[in-house]
Every structure is written in C-alpha cells, then in structure tokens.
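> Those protein sequence lines, which keep their order, are chains A and B.
Heads up, the first sequence is in the numbering used here, so the first residue is 53 and it goes up one at a time.
Heads up, the second sequence is in the numbering used here, so the first residue is 53 and it goes up one at a time.
Note that the Cβ used here is the ideal one computed from N, Cα and C, for glycine as well.
Please read these numbers as outputs of a predicted model, since none were measured by experiment.
2 protein chains.
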Amino acid sequence: MSVSPFAEHTTRLTRALTTALVTERDDAALAARVAEIAAQMAAAAQDPEAVELADPHPVRAAFPHDITPVSSARNPIAPPLAIRREGEDSVATTVLPLQYQGPPTRVHGGIIALMLDQVLGDASSATGLPLSFTRELTITYDGATPIGEELRIAGRIRSVEGRKRFMEGEITVGGEVTVRAHGLWIAPREQSSAAASLQR
Amino acid sequence: MSVSPFAEHTTRLTRALTTALVTERDDAALAARVAEIAAQMAAAAQDPEAVELADPHPVRAAFPHDITPVSSARNPIAPPLAIRREGEDSVATTVLPLQYQGPPTRVHGGIIALMLDQVLGDASSATGLPLSFTRELTITYDGATPIGEELRIAGRIRSVEGRKRFMEGEITVGGEVTVRAHGLWIAPREQSSAAASLQR
Numbered sequence: 053m054s055v056s057p058f059a060e061h062t063t064r065l066t067r068a069l070t071t072a073l074v075t076e077r078d079d080a081a082l083a084a085r086v087a088e089i090a091a092q093m094a095a096a097a098q099d100p101e102a103v104e105l106a107d108p109h110p111v112r113a114a115f116p117h118d119i120t121p122v123s124s125a126r127n128p129i130a131p132p133l134a135i136r137r138e139g140e141d142s143v144a145t146t147v148l149p150l151q152y153q154g155p156p157t158r159v160h161g162g163i164i165a166l167m168l169d170q171v172l173g174d175a176s177s178a179t180g181l182p183l184s185f186t187r188e189l190t191i192t193y194d195g196a197t198p199i200g201e202e203l204r205i206a207g208r209i210r211s212v213e214g215r216k217r218f219m220e221g222e223i224t225v226g227g228e229v230t231v232r233a234h235g236l237w238i239a240p241r242e243q244s245s246a247a248a249s250l251q252r
Numbered sequence: 053m054s055v056s057p058f059a060e061h062t063t064r065l066t067r068a069l070t071t072a073l074v075t076e077r078d079d080a081a082l083a084a085r086v087a088e089i090a091a092q093m094a095a096a097a098q099d100p101e102a103v104e105l106a107d108p109h110p111v112r113a114a115f116p117h118d119i120t121p122v123s124s125a126r127n128p129i130a131p132p133l134a135i136r137r138e139g140e141d142s143v144a145t146t147v148l149p150l151q152y153q154g155p156p157t158r159v160h161g162g163i164i165a166l167m168l169d170q171v172l173g174d175a176s177s178a179t180g181l182p183l184s185f186t187r188e189l190t191i192t193y194d195g196a197t198p199i200g201e202e203l204r205i206a207g208r209i210r211s212v213e214g215r216k217r218f219m220e221g222e223i224t225v226g227g228e229v230t231v232r233a234h235g236l237w238i239a240p241r242e243q244s245s246a247a248a249s250l251q252r
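Structure (structure tokens):
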C-alpha cells in the first residue's frame, strides 16, 4: 500500500501554502504565491491519475492509511516524520519550517511534544509488542530547539512491566540534547477493547 | 491590528483542503474537492483587497502577528483556538476535525499536548506577569478525547515562586475530565535575554 501520488502531491502543495501564509505579511506577495499554488493544485486535479512522484514518503506496511498529524504523507499538518528503527531506538530526522514556530526562531513546545509522543509511541510497539496508548508523557525543555535546522527525535523502551512500557527519548540538534521526554504507555487488555479500556 | 481578511480566508480554505485530504480515500472525489477549493483560492487571489469576512477570528492586541500553530488565524495547522479569560483561568473551546486524529475517533495525544501547552502558557502570563516559557510539561491521559465533539481546554496558575509559575489545567468533554496537565513555566531574568536564559 502507498498513498496516492495525487493526494501526496496535493499535500505537499498545501504545506507550501501554509508556509507562505505564515511567512508573507504583504497581501500582494501572498496573493501571487497563492495564485501560483492554486494553479498547480487545479492542474493536478484535472488528471489525478497522471501525477507521478519521484520520491514518495515512506509508508510502513502496518500503517497504509496513516493520517496522523505527525507522519502522514497525506496530512498537511504533518512535517511529515519518517520514523525508522536504529537498533533499540525509533528515530526520525526533520527540518521544520515557520508554521511550527512558537517563540521567535524556535519550535513550538507543543509541536515538540507532538513529535515525541509519536516517536515514543512507535518505539513502544516496534519490537513486536502489541499496540499501546499514551497514559502519561512528560517533556522537559532544556534548551532552544530551532526552526530551520535538522532535529533528531529518538525514543526507546526503558523497561516493561506487564502491559506497561516505560518510555524515554530526546531531541538533539547538532549532537546537543535540547529536550528530554519520558512517559508511560499501556497496552489494552485485548486489542479489540482498546477504547473501553482507556476510558477508565 | 488584525489579520488580513484575504490571509484568513485562504487559511480557512487550506484547512478545508486538509480535511478533504485525510477524509477522501477516493482520488476522483478528492480531485473534485481540490479543484473546487483551488478555484476559490484563485478567485480571492485575483483581488485580495476585495475579500471580506463576517466573522474574523479574534486577535489579541498583544499578539497581532500571531502565527503559532495553535491560535493563529493565518496558520492552517491551528484549529485555531480562541483563548479567553474566565476568572483565574485561560479557556478555549473547540471541535476538532479528522486531521487531528490519533487512534480512531480520538484526538492525537500530541495535539492534546500542543493545545494544553498553549493554554497553560497563556495563563502563565495572563495576569500581567511577564512572558514565560515552558520548562516542563506533564500530560496525563485519563480517557478518550473525541474528534468532532466540543472540547473545553482550561489552564491556570497553581502557585508562583519568583520567576517560576507552577501551572495546571485539563480538557473536559461534556463536563468529564479526559486529560490533566501540570507543568513549570519560567520567566527569563530579563525579557530581552529570553533566548540566552533558556539555552542553559
């Protein structure tokens, strides 16, 4: 399974539009960029089957219909992260544009939490353990995490006790840790009763 | 100050496009919707000054150029939240569409953290205290927070010790708490040295 090239192409254009909206304060310049992107969208929509992408976002077999706002190739909110395994760790690298900014020049603290939640969640079930859900997540902001520079987001299992997985992770920029995370993920008693189990 | 009606109009169309991308799995149906939205964008871009909005998103005087991915009227990533004061609390209500989903039917845990970080941050400086930054944030997920239902996100100061503010908050759905949050926000020694202060 993979995301349709037309959907992914439209998603990329939507991300470009988002960047333009937060970057251009002058309406005339913004309008020119919007017209340009809208024309590209309309052209692709006229013949969606003709769209080809040389470099599609990697989609894991387990998540063919991934629409999460972190890793999906068809959700413009997602950077998107491509989460991979490196030994015991789940890891992603990304460079975030201006639409993810909080304080000037820095990634929004909540966007940092969003990425870490996804990467730690991935690590919690990556080793063949059943899917689990976040019960508690703590993010410690040690330093500035910059917009426009490469971030490395990593997470791993610290320990497992029955259905509980104690997770940890961090974001590093140029080898320096800027943010640390730890948390508890719990696997439902039965996979099918996930919703009921988490409602308590 | 307010956001330009053209920028806000384009942002709303971009959010509609995002919803379509995560909702329509059939490329033909998606292409029809993309063509429709692209035409509306192009029409507005031809004469941006003519765009009028009956119901602009409220923009606080202190944040005229707000581009955060939570509350900005011109950032399509933002729902957007309109954060208001209710007594001692900073409060926002919102209904989230499918692009904010994590597990099926539920809001992504990281999106929950994103909204709480913003609302607690707002509360940390809403009473005239200087602007402060998140040092640590803990989110506890007690139950399912649904997509498509009204969420109430609230935050307040629990205590202040010098430059430290201990914050707390929660999300409620139909009067039931689904998520709790607590954290530490710290005001920089001097407003102008915010970046340097947080780098340690």
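1) Taking buried to mean at least 16 other C-beta atoms within 10 Å of its own C-beta, is A:G154 buried or exposed?
2) Along chain B, in chain order, which residues have C-beta atoms closer than 9 Å to that of A:D174?
3) Closer than 9 Å, Cβ to Cβ, to anything on chain A: give me those residues from the stretch 143 to 168 of chain B, in chain order.
4) Is A:R252 helix, strand or coil when you go by DSSP?
5) Quick check on A:D118: buried or exposed, where buried means 16 or more other Cβ atoms within 10 Å of its Cβ?
6) Can you check whether the C-beta of B:S259 is within less than 9 Å of a C-beta belonging to chain A?
7) Whose CA, out of A:P131, A:R204, A:A113, lies closest to the CA of A:Q151?
8) Using the beta-carbon count (16 or more within 10 Å), is B:T179 buried or exposed?
9) Can you name, in chain order, every residue of its own chain whose Cβ lies under 6 Å from the Cβ of A:A246, other than the five neighbours on each side?
10) Are any of the Cβ atoms in chain A nearer than 9 Å to that of B:L203?
11) Where do the N-terminal and C-terminal ends of the alpha helix (DSSP H) with B:L181 fall, by residue?
12) Our contact map puts B:I82 next to A:T63 with C-beta atoms below 8 Å; I'd like the distance itself, whole angstroms only.
13) Look at the alpha carbon of A:G226 and the alpha carbon of B:R204, and state the distance between them as a whole number of angstroms.
14) Using a Cβ cut-off of 8 Å, which residues of the stretch 113 to 134 of chain A contact any Cβ in chain B, in chain order?
15) Within this structure, are the beta carbons of B:T230 and B:G200 separated by less than 9 Å?
16) Taking 9 Å as the threshold (C-beta atoms), are A:L181 and A:G221 in contact?
17) List, in order along the chain, the chain A residues whose C-beta lies closer than 8 Å to that of B:R187?
18) In chain A, which residues lie less than 8 Å from B:D79 when you measure between Cβ atoms?
19) Check this for me: beta carbons of B:S184 and B:R232, under 9 Å apart or not?
20) For a contact meaning CB atoms closer than 8 Å, what does A:V74 contact in chain B?
21) Just curious, the beta strand (DSSP E) that B:H160 is in, first and last residue?
22) Among A:I223, A:P100, A:V55, A:L69, which has the Cα closest to the Cα of A:A113?
23) Using a Cβ-Cβ cut-off of 8 Å (strictly less than) and excluding sequence neighbours within five positions of A:P108, which residues of its own chain qualify?
24) Which partner residues of A:T186 appear in the DSSP bridge assignment?
25) Over what stretch of residues does the alpha helix (DSSP H) that includes A:L148 continue unbroken?
26) Give the interface partners of B:L69 over in chain A, defined as CB-CB distance under 7 Å, in chain order.
27) Taking only three categories from DSSP, how would you classify A:A206?
28) What does B:T63 reach in chain A if we use C-beta pairs closer than 8 Å?
29) Buried or exposed: where does B:P156 fall if 16 or more other Cβ atoms within 10 Å of its Cβ makes it buried?
30) Taking all protein chains shown into account, do 16 or more other C-beta atoms lie within 10 angstroms of the C-beta of B:A96, making it buried, or fewer, making it exposed?
31) For B:S211, does the count of other Cβ atoms within 10 angstroms reach 16, so buried, or fall short, so exposed?
32) Tell me B:R218's beta-bridge partners as DSSP assigns them.
33) Of all the CB atoms in chain A, is at least one closer than 9 Å to the CB of B:M219?
34) Take the Cβ of A:L65 as the centre, count every other Cβ of all protein chains shown within 10 Å, and call the residue buried at 16 or more, exposed below.
Here's the rundown:
1) Flag for A:G154 reads buried.
2) By Cβ distance, chain B contributes nothing, its closest Cβ being about 12 Å from A:D174, past 9 Å.
3) Legend: CB atoms of the stretch 143 to 168 of chain B lying less than 9 Å from CB atoms of chain A belong to residues L150, Q151, Y152, Q153, G154, P155, P156, T157, R158, H160, G161, G162, I163, I164, A165, L166, M167, L168.
4) Caution is warranted here: a pLDDT of 35 is assigned to A:R252, below 50, making its placement in the model unreliable, and the coordinate value is therefore given only provisionally. In this structure, A:R252 counts as coil in the three-state DSSP scheme.
5) Buried: at least 16 other Cβ atoms inside 10 Å.
6) Summary: the structure shown does not reach residue 259 of chain B, with chain B confined to residues 53 through 252, and so no result is reported for it.
7) Of the candidates A:P131, A:R204, A:A113, the one whose C-alpha sits nearest the C-alpha of A:Q151 is A:P131.
8) Its Cβ having fewer than 16 others within 10 Å, B:T179 is exposed.
9) Note on A:A246: pLDDT 46, under 50, position unreliable in the model; no value is reported.
10) No, B:L203 does not count as interfacial toward chain A.
11) Run containing B:L181: none; DSSP gives neither H nor E here.
12) First, the amino acid is wrong: residue 82 of chain B is Leu here, not Ile. Wrong, their Cβ atoms sit about 11 Å apart, outside the cutoff.
13) One C-alpha to the other measures close to 39 Å.
14) Under the 8 Å Cβ criterion, the stretch 113 to 134 of chain A contributes H117, I119, T120, P121, V122, S124, R126, N127, P128, I129.
15) Result no, Cβ atoms of B:T230 and B:G200 do not sit closer than 9 Å.
16) Against a cut-off of 9 Å, the Cβ pair of A:L181 and A:G221 comes out as no contact.
17) Near B:R187 (Cβ distances below 8 Å), the residues of chain A are T192, Y193.
18) Close to B:D79, with beta-carbon spacing below 8 Å, are these residues of chain A in chain order: S56, F58, A59, P100, E101.
19) 9 Å or more divides the Cβ of B:S184 from the Cβ of B:R232.
20) Listed along the chain, the chain B residues whose CB falls inside 8 Å of the CB of A:V74 are I119, S124, R126, N127.
21) That residue, B:H160, is in no beta strand (DSSP E); it is neither H nor E in DSSP.
22) Cα-wise, what sits closest to A:A113 is A:V55.
23) Residues of the same chain with a CB within less than 8 Å of the CB of A:P108, apart from the 5 flanking positions on each side, are S54, V55, P57, E60, A125 in chain order.
24) Per DSSP, the beta-bridge partners of A:T186 are A:W237.
25) Per DSSP, A:L148 lies in no alpha helix (DSSP H) and is assigned neither H nor E.
26) Per Cβ cutoff of 7 Å: T66.
27) Annotated three-state conformation of A:A206 is strand, per DSSP.
28) Those are L73, listed as they occur along chain A.
29) Per the 10 Å Cβ criterion, exposed.
30) With 16 or more other Cβ atoms within 10 Å, it is buried.
31) So B:S211 ends up on the exposed side.
32) Note that residue 218 of chain B corresponds to Phe in the displayed sequence, not to Arg. For B:F218, which the question treats as bridged, DSSP gives the partners B:S211, B:L236.
33) It does not; no Cβ of chain A falls within 9 Å.
34) Per the 10 Å Cβ criterion, buried.
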